[in-house]
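Numbers -3 to 376, taken from my numbering, label the letters of the sequence shown in order.
Ideal Cβ positions, reconstructed from N, Cα and C, are used throughout, including at glycine.
On a predicted model such as this, the values are computed, not experimentally measured, just so you know.
Notes follow the structure.
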Amino acid sequence: MTNTRFHPRELLRAFLRPIDPALLLLLGLLLAYAMFVMVSASPERVASLQINSAVALAAMWAAARLPAQRLLNLALPLYVVGVLLLVAVDLFGETSKGATRWLDIGVTRIQPSEIMKISMPLMLAWYFQQREGQIGLREFIVAGLLLVVPVGLIMVQPDLGTSLLVTAAGVYVIYFAGLSWKLIVPVVAVGVIGIGAIVGFGDQICQPGVDWPGLREYQKHRVCTLLDPTQDPLGKGFHIIQSTIAIGSGGVFGKGWMDGTQTHLAFLPERHTDFVFSVLAEELGLIGIVALLAIYTLLLLRGFYIAAMAPTLGTRLLGGAITMIFFTYAFVNMGMVSGILPVVGVPLPFISYGGTALVTLCLGIGILMSIQRSRVLAQA
-3 MTNTRFHPRE LLRAFLRPID PALLLLLGLL LAYAMFVMVS ASPERVASLQ INSAVALAAM
57 WAAARLPAQR LLNLALPLYV VGVLLLVAVD LFGETSKGAT RWLDIGVTRI QPSEIMKISM
117 PLMLAWYFQQ REGQIGLREF IVAGLLLVVP VGLIMVQPDL GTSLLVTAAG VYVIYFAGLS
177 WKLIVPVVAV GVIGIGAIVG FGDQICQPGV DWPGLREYQK HRVCTLLDPT QDPLGKGFHI
237 IQSTIAIGSG GVFGKGWMDG TQTHLAFLPE RHTDFVFSVL AEELGLIGIV ALLAIYTLLL
297 LRGFYIAAMA PTLGTRLLGG AITMIFFTYA FVNMGMVSGI LPVVGVPLPF ISYGGTALVT
357 LCLGIGILMS IQRSRVLAQA
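What follows is the structure, given as structure tokens:
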């Protein structure tokens, strides 16, 4: 009988083989940034953040080890399971703060809508890959229907932030698959006209008793608060007012780490989750913001490079969509805490406290690593 021994160096090499060094470095910088900010924003959560980071990195490594094509082959079952869980939430879900988003599975509670952030782009990338060479209007209609079903179920919960992210993930895949500008421009035009109408007639349509079709009352209040937060400075407008004060007071160099007055005098709400950007802007100033934006930019560039060089249509679509998801997270969060977008509960990617969101984002990093590895193996 032969006694096979593995040298520690070989084990380490096998462990690191699926890892893309550039992505790992950028992710490490973001997690270190998150830890640095969390010590000031909410020191009692630092230990929990470390555990969440370890779990997220393990999920990233597991996704990176799977071949990209195998990930795409998992798309259909993941999508079906995700939709069934969303239906189960609507039927048997737990309600908290007026929203029914969680499902008790005995051991713990899960939020099935988070699954769709990954399974939605996977599903559409797999679908378009199956139809490669014959993608036409019918394929885009089918893709739209595949997107509408889970988004509709998430909006019923209601969860505007997650439905926005799932919609964006699906739309990115559809756009990268070659959707004609002739179909995109009318939708964009309607959106611009709608936003213009809201801004122009805000005083009239924000009056009590005026119903907005398709939106709940609290969602209407979010938009109206965005237009003029001073109308309710101690209520609906409090978050935005205090956040913009924190961001503006940071100046160029900031007030200093752990010296933010808005943060430590408890004026800034949700400072460890949705409004963590306001904390770093107040304490680290413009320099801290530019440093964070530089890391995000490098992450996006690396993601787009991996997507552009991917060996198959499905992996190109998937890589591009996941990279754009990172952009969407950052853009929406920074926009809402700066007062240019409604507050919809979207975390700052890799920085905000929250285990589920961090695991989902690191799974996206792992998928990009898997796509990069598939390209290297294809060229070998």
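- Rounded to whole angstroms, G233 and R127 show a C-alpha spacing of 48 Å.
- The straight-line gap separating the alpha-carbon atoms of S176 and L99 is approximately 39 Å.
- For the 8 Å CB-CB criterion, G316 and A303 form a contact.
- One Cα belongs to E279, the other to L22, and the distance between them is close to 22 Å.
- Between I170 and F136 the beta-carbon gap is near 6 Å, inside 8 Å, which marks them as a contact.
- Between A50 and C358, the CB-CB gap reaches or exceeds 8 Å.
- Linking V162 to G246 through their CA atoms gives a straight-line distance of about 33 Å.
- Contact check for M365 against L19 passes: the beta carbons are separated by less than 8 Å.
- Per the coordinates, the alpha-carbon of I363 lies some 11 Å from the alpha-carbon of P117.
- Distances from the alpha-carbon of T308 to those of P338, L344, L373 put L373 closest.
- Secondary structure at R13: coil, using DSSP grouped into helix, strand and coil.
- According to the DSSP assignment, Q46 belongs to the alpha helix (DSSP H) that extends over 42 to 61.
- The beta carbon of D86 is closer than 8 Å to those of T96, L149, V152, Q153 in its chain, skipping five residues each way along the sequence.
- Contact between the stretch 269 to 279 and the stretch 240 to 258 is present: three or more C-beta pairs spanning the two stretches fall below 8 Å.
- Residue state for I106 is assigned as strand, using DSSP reduced to three classes.
- Annotation for I131: no alpha helix (DSSP H) segment contains it, and DSSP assigns it neither H nor E.
- Around V42, the same chain offers M31, M34, V35 as residues with beta carbons nearer than 8 Å, after the five sequence neighbours per side are excluded.
- Only residues of its own chain outside the window of five on either side were considered, and among them A64, I367, S370 have a CB closer than 7 Å to the CB of T311, listed in chain order.
- V167: member of the alpha helix (DSSP H) spanning 156 to 172, first to last residue.
- Closest in C-alpha terms to A121, from the list V342, R13, L72, R134, comes L72.
- Secondary structure remark: continuous alpha helix (DSSP H) runs of at least 4 residues inside the stretch 236 to 303, in chain order: 257 to 260.
- Looking at the DSSP output, W98 sits in a beta bridge with E90.
- Nearest to D155 by C-alpha distance, out of Y349, Y29, R298, V342, is V342.
- Counting the other CB atoms within 10 Å of its CB gives E90 a total below 16, which places it among the exposed residues.
- Ranked by Cα distance from G157, the first of V77, D270, I241, S115 is D270.
- In the DSSP assignment, I336 falls outside any alpha helix (DSSP H), carrying neither H nor E.
- Annotation: V145 to S115 spans about 13 Å, alpha carbon to alpha carbon.
- With a contact defined as Cβ atoms closer than 8 Å, A52 and V355 qualify at about 5 Å.
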